[in-house]
Amino acid sequence: EQQASPSWLRGQPMEEQEKALSPLGSALHALTNPKEAIYDARLAAKGRHEEVMSGAQDIGNQDIILEQLAHRGAYRGIDAQTLALWGYRTAGAVEDPESGFRSVLYVPTEEALAGKTAQGKIIRAAHGGVPPTVLAFRGTANDRGISDDTNRHGIGTYQFSSNIGRVNAMLGAAGGPVVVTGHSLGGALAQLTAAYFPGSVKRVVTFQSPAIDGDAADRLKQYNAKKPEGEKVKSTHYRAEGDIVHTAGEKLTEGEVYTFHAVGVGNPLDHMQFPLARLAAARGNIIPGLKGKGGEVAGDRLVRVTKSDADKEKSAWTAKVAEWGRKAFGGIKRDGDMEPYVELWQQVEEMAKSGVYSLNRVLAVIKDSNRLTEVQRVKMRDAVIGLYGDAAKDKPKEAAKG
């Protein structure tokens, strides 16, 4: 039986392939591109497909669909026909050009909820039941997003804190607990949403995401510690070998981490791969409508899938060095209005939650601050009213003096 040519030779004339496959040619390739050569050897190894399937056996098809919503949906949008194949329709989207924030709410279609038609049954089978409502967050899409990637208060803290009122409104519109998801910076926003609104989130699923501020991750951990197993907010983090983005940040929300190892990785573009679409291809393309770089045509390039614990992933010294470098760069690049906003938000949020200060007193702090632009002042005021207005507006006048 003729063995398939290595990936680095495919498409070359046969005589060139034969020359390169000689001992001298193979040795030269191993010296000039050792990582690719190692993976080519793995490709030819017996049982490679079985190893991939074994490592990914706990990954449900639902997460393959979530990858599409986090990548394609949150960034560019997905046509209604394709969404319907997965049991979803778009229920709303919010966008803030000032910060670069964007989130999209997906809810199950009537067909998926009923599960009576042939398509409805297929959808139910893919999800293992009724599709969950999903709130997807866009990743880095402009210069403001890049600045938030290097925010010294934590990745995504500006986009999140300056749009926390919008996030709260979207969660309210969902009508019940949601799955939060996102790619890259969007994954950080999904984790922050779970940390601050755990009662409105049933699960966190991220793709090639950095970690978040350690205090925020600990908030969710403390919430989970008080809940029975069935009520904990669990997280699943997916990443691609070779990507550097997941090395940033302090802590991941607690849960599982799956790393996809594939042929030809090792450059920053791996950040934009669709590793779960590759898994779908390896499983036989059983989910329709999948697209994306490294998608359905590249299932044969998966080598293996490894699983680890999120708490251990950020404890390595290499992760700590990477985070130190990110913050150092943030101190050089910083956008002058981002970090002051986050610092003031942390102050007024503590005031609003304390039960000591009146709503008017909290709003006066925002109004009198010279650290905000007018757009930011309006956003912070609206967020305080929306989140804490009912709790603070009836405080006694004596407290207002604080």
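Residue 352 in the working numbering sits at position 322 of the sequence shown, and the numbers go up by one each step.
For each residue, glycine too, the CB sits at the ideal point set by N, CA and C.
Values in this document were obtained by computation on a predicted structure and should not be read as measured data.
Give the single residue among Tyr118, Ala270, Tyr136, Gly216 whose Cα lies nearest to the Cα of Lys337.
Taking the sequence shown and counting its residues from 1, one reaches residue 337 at position 307. If we check each option's Cα against that of Lys337, Ala270 comes out closest.
When DSSP builds the beta bridges, which residues end up paired with Thr236?
As a first step, residue 236 is located in the sequence shown; it is residue number 206 there, counting from the start. Paired residue(s): Gly212, His267.
Would you mind giving the Cβ-Cβ distance between Met83 and Leu135, rounded to the nearest angstrom? I have them listed as a contact below 8 Å.
Taking the sequence shown and counting its residues from 1, one reaches residue 83 at position 53. Taking the sequence shown and counting its residues from 1, one reaches residue 135 at position 105. 33 Å between Cβ atoms; not a contact.
Based on Cα-Cα distance, which residue from Ala225, Arg154, Gln111, Leu96 lies nearest to Arg168?
For this step, residue 168 is matched to residue 138 along the sequence shown. Nearest C-alpha to Arg168: Leu96.
Please name the residue, chosen from Pro258, His101, Gln111, Phe237, that lies closest to His276 on a Cα-to-Cα basis.
Here residue 276 refers to the residue found at position 246 when the sequence shown is read from its first residue. The candidate whose alpha carbon is nearest that of His276 is Phe237.
I'd like to check one pair, Arg119 with Lys321: are the Cβ atoms closer than 9 Å?
Position 291 of the sequence shown, counting from 1, holds the residue named residue 321. Position 89 of the sequence shown, counting from 1, holds the residue named residue 119. No.
Considering only DSSP beta bridges, list what Leu135 is partnered with.
As a first step, residue 135 must be located in the sequence shown, where it is residue number 105. Gly122, Leu165.
Are Leu115 and Gln149 touching if we call contact CB-CB under 9 Å?
Within the sequence shown, the letter at position 85 stands for residue 115. Within the sequence shown, the letter at position 119 stands for residue 149. Going by C-beta atoms, Leu115 is nearer than 9 Å to Gln149.
Tell me which residues share the same chain as Arg401 and place their Cβ nearer than 7 Å to its Cβ, disregarding the 5 neighbours each side in the sequence.
In the sequence shown, residue 401 corresponds to position 371, counting from 1. Around Arg401: Pro370, Leu374.
Considering only C-alpha positions, which residue in the set Gln252, Asp367, Val287, Ile89 is nearest to Ser265?
What you label residue 265 is simply residue 235 of the sequence shown in a count that begins at 1. The option with the nearest alpha carbon to Ser265 is Val287.
Check whether the Cβ atoms of Ile242 and Gly186 lie closer than 9 Å to each other.
Taking the first residue of the sequence shown as 1, we reach residue 242 at position 212. Taking the first residue of the sequence shown as 1, we reach residue 186 at position 156. Going by C-beta atoms, Ile242 is nearer than 9 Å to Gly186.
In the structure shown, what three-state DSSP assignment does Ala413 receive?
Indexing the sequence shown from 1 puts residue 413 at position 383. Note: Ala413 maps to helix in three-state DSSP.
So, helix, strand or coil for Gly175, using DSSP?
One-based indexing of the sequence shown puts residue 175 at position 145. Low confidence applies to Gly175: its pLDDT is 47, below 50, so where it sits in the model is not reliable, and the reading given next is rough at best. Here Gly175 sits in helix by DSSP.
Rounded to the nearest angstrom, how far is the Cβ of Val335 from that of Ala86, given a contact under 8 Å?
Taking the sequence shown and counting its residues from 1, one reaches residue 335 at position 305. Taking the sequence shown and counting its residues from 1, one reaches residue 86 at position 56. Confirmed, about 4 Å.
Can you say whether Pro318 is buried or exposed, counting buried as having 16 or more other CB atoms within 10 angstroms of its CB?
Translated into the one-based positions of the sequence shown, residue 318 becomes position 288. Under this definition Pro318 is an exposed residue.
Kindly give me the distance between the Cβ atoms of Ser133 and Ala166, rounded to whole angstroms, as I take these residues to be in contact under 8 Å.
For the purposes of this step, residue 133 is identified with residue 103 of the sequence shown, where counting begins at 1. For the purposes of this step, residue 166 is identified with residue 136 of the sequence shown, where counting begins at 1. At roughly 7 Å, the Cβ-Cβ gap stays under 8 Å, so Ser133 and Ala166 are in contact.
Do Phe290 and Arg313 have their CB atoms nearer than 9 Å?
Numbered from 1 along the sequence shown, position 260 holds the residue referred to as residue 290. Numbered from 1 along the sequence shown, position 283 holds the residue referred to as residue 313. Result no, Cβ atoms of Phe290 and Arg313 do not sit closer than 9 Å.
Under the rule that 16 or more other beta-carbon atoms within 10 Å means buried, what is Ala311, buried or exposed?
As a first step, residue 311 must be located in the sequence shown, where it is residue number 281. Buried is the call here.
Check whether the Cβ atoms of Ala224 and Ser239 lie closer than 9 Å to each other.
Counted from its first residue, the sequence shown places residue 224 at position 194. Counted from its first residue, the sequence shown places residue 239 at position 209. No. Outside cutoff.
Which residues in the same chain have their Cβ closer than 6 Å to the Cβ of Ile194, if we skip the five residues on either side of it in sequence?
On the sequence shown, position 164 is the one that residue 194 refers to. The residues are Ala413.
Measure the Cβ-Cβ separation of Val160 and Leu143 and say whether it is below 9 Å.
Within the sequence shown, the letter at position 130 stands for residue 160. Within the sequence shown, the letter at position 113 stands for residue 143. The answer is yes: Cβ separation under 9 Å.
Grab the span of the alpha helix (DSSP H) containing Ser291 for me, first residue to last.
As a position in the sequence shown, residue 291 is number 261, starting the count at 1. Note on residue identity: the sequence assigns His, not Ser, to residue 291. Counting along the chain, His291 falls outside any alpha helix (DSSP H), though it belongs to the beta strand (DSSP E) covering 285-292.
With a CB to CB cut of under 6 Å and the five nearest residues on each side skipped, what residues in its chain are close to Gly279?
Taking the sequence shown and counting its residues from 1, the one referred to as residue 279 is at position 249. Within the same chain, Gly279 has close Cβ partners Ile185, Pro240, Ala241, Ile242.
Would you mind listing the alpha helix (DSSP H) stretches within the segment 83-117 that are 4+ residues and don't spill past its ends, in chain order?
Those alpha helix (DSSP H) runs which fall completely within the segment 83-117 and span 4+ residues are 91-98, 110-115.
Evaluate Asn390 with the Cβ neighbour count: other Cβ atoms within 10 Å of its Cβ, from every protein chain shown; 16 or more gives buried, anything less gives exposed.
In the sequence shown, the residue the question calls residue 390 occupies position 360. Looking at its Cβ environment, which holds fewer than 16 other Cβ atoms inside 10 Å, Asn390 is exposed.
Could you have a look at Tyr418 and say whether DSSP puts it in helix, strand or coil?
As a first step, residue 418 is located in the sequence shown; it is residue number 388 there, counting from the start. Of the three classes helix, strand and coil, the one that applies to Tyr418 here is helix, per DSSP.
Whole angstroms are fine: how far does the CA of Gln111 sit from the CA of Glu141?
For the purposes of this step, residue 141 is identified with residue 111 of the sequence shown, where counting begins at 1. For the purposes of this step, residue 111 is identified with residue 81 of the sequence shown, where counting begins at 1. The straight-line gap from Cα to Cα measures roughly 13 Å.
If you draw a straight line from the alpha carbon of Gln252 to that of Glu259, how long is it in whole angstroms?
In the sequence shown, counting from the first residue as 1, residue 252 sits at position 222. In the sequence shown, counting from the first residue as 1, residue 259 sits at position 229. Approximately 13 Å, taken between the alpha carbons.
Anyone know if the C-beta pair for Val392 and Tyr418 falls short of 9 Å?
Indexing the sequence shown from 1 puts residue 392 at position 362. Indexing the sequence shown from 1 puts residue 418 at position 388. Contact flag set, yes.
Note the first and the last residue of the continuous alpha helix (DSSP H) segment covering Arg308.
Sequence index remark: in the sequence shown, residue 308 carries index 278 (1-based). That run of the alpha helix (DSSP H) goes 305-313.
For a test of the three-state rule: what should DSSP assign to Lys256, helix, strand or coil?
For the purposes of this step, residue 256 is taken as residue 226 along the sequence shown, with counting starting at 1. Lys256: coil per DSSP, three-state reduction.
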